[in-house]
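Below is one structure, written out as structure tokens; comments come after it.
Numbering (the numbering used here), first residue to last: 3 to 243.
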């Protein structure tokens, strides 16, 4: 007998956007794991903690690096791979003991989420369920009230870590776009949008669905580094009718 692994999407930030299915899964968990940067509290935990059952074991999974080393650097790849290996091993011990292990994921577990790295290591060995969550991008465009795509619009989701030429090319091809991983990439993103002729439609959203949410046209935002919870939307549906 082994336990069960559950990847639980807890939504983009507003605690009311967690699903009923996620709440039920958390209530049945023996172990609840959540990711955070070392020295920081887990944002996913803050969203979902009201639904933790009494007596559940919490397992913080603390990243050894985040943005201190470029993500393409061999040192980063080595450190983060070792972290996911160790995290998976720690959860495997609990699964082999027959416990139900829920791993929290901001947004959706299988969309740019850390949970995926545990999933590929553990799902082949243990019964696994993934509970979909409201994505950060859908939370943001709903908060802003920006119709993002309609009809035959092509929507692209782009990481801001792409080089400027690649971003420009993709933005010129897309009818609508979402740019994630903004952070220190904001000046490059702005240049790419301007080169692609899309800057005037771009909307900068910070802390979407959360307290303190702000949004302005990207053209009116300075180039200071964006916080972790920032995204750029480029709505399509230009011929709205």
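Heads up, the beta-carbon is just placed ideally off N, CA and C, and yes, glycines get one too.
Here the structure is a predicted model, which is why all the values come from computation and not from measurement.
Helix, strand or coil: how does DSSP classify residue i here?
i	result
residue 191	helix
residue 60	strand
residue 38	strand
residue 97	helix
residue 222	helix
residue 88	helix
residue 204	coil
residue 263	Only positions 3 to 243 of the chain appear in this structure, which leaves residue 263 out of reach.
Could you give the residue range of the beta strand (DSSP E) that holds residue i?
i	result
residue 103	102 to 107
residue 216	216 to 219
residue 112	No beta strand (DSSP E) contains residue 112, which DSSP labels as neither H nor E.
residue 6	6 to 11
residue 67	Premise fails: residue 67 is in no beta strand (DSSP E) and is neither H nor E.
residue 235	232 to 236
Identify, in the order they occur along the chain, each residue of the same chain with its Cβ nearer than 8 Å to the Cβ of residue i, setting aside the five sequence neighbours on each side.
i	result
residue 40	64, 65 and 66
residue 152	238, 239 and 242
Need the endpoints of the alpha helix (DSSP H) that residue i sits in, please.
i	result
residue 49	45 to 50
residue 26	22 to 29
Kindly list the residues whose CB is nearer than 6 Å to the CB of residue i, restricted to its own chain and excluding five residues on each side of it in sequence; keep chain order.
i	result
residue 15	211 and 212
residue 172	158 and 160
residue 204	195, 220, 234 and 236
residue 170	194, 197 and 198
residue 123	90
residue 186	227
Report yes if the C-beta of residue i is less than 8 Å from at least one heavy atom of the ligand NAD; otherwise report no.
i	result
residue 37	This structure lacks the ligand NAD; in fact it carries no ligand of any kind.
By Cβ distance, which residues of its chain are closer than 7 Å to residue i, with the 5 residues on each side in sequence left out?
i	result
residue 1	Residue coverage of the chain in this structure runs from 3 to 243, which leaves residue 1 outside it and unanswerable.
residue 191	162, 169, 181, 184 and 234
**Message:** Which complete alpha helix (DSSP H) runs does the segment 118 to 201 hold, if anything under 4 residues is left out?
**Reply:** Counting only unbroken stretches of 4 or more residues, the alpha helix (DSSP H) elements lying wholly within the segment 118 to 201 are 138 to 146, 166 to 175 and 188 to 197, in sequence order.
**Prompt:** Using 8 Å as the threshold, is the segment 124 to 131 in touch with the segment 81 to 100, meaning 3 or more CB pairs across them?
**Reply:** Under the Cβ criterion (8 Å, minimum of three pairs), the segment 124 to 131 counts as touching the segment 81 to 100.
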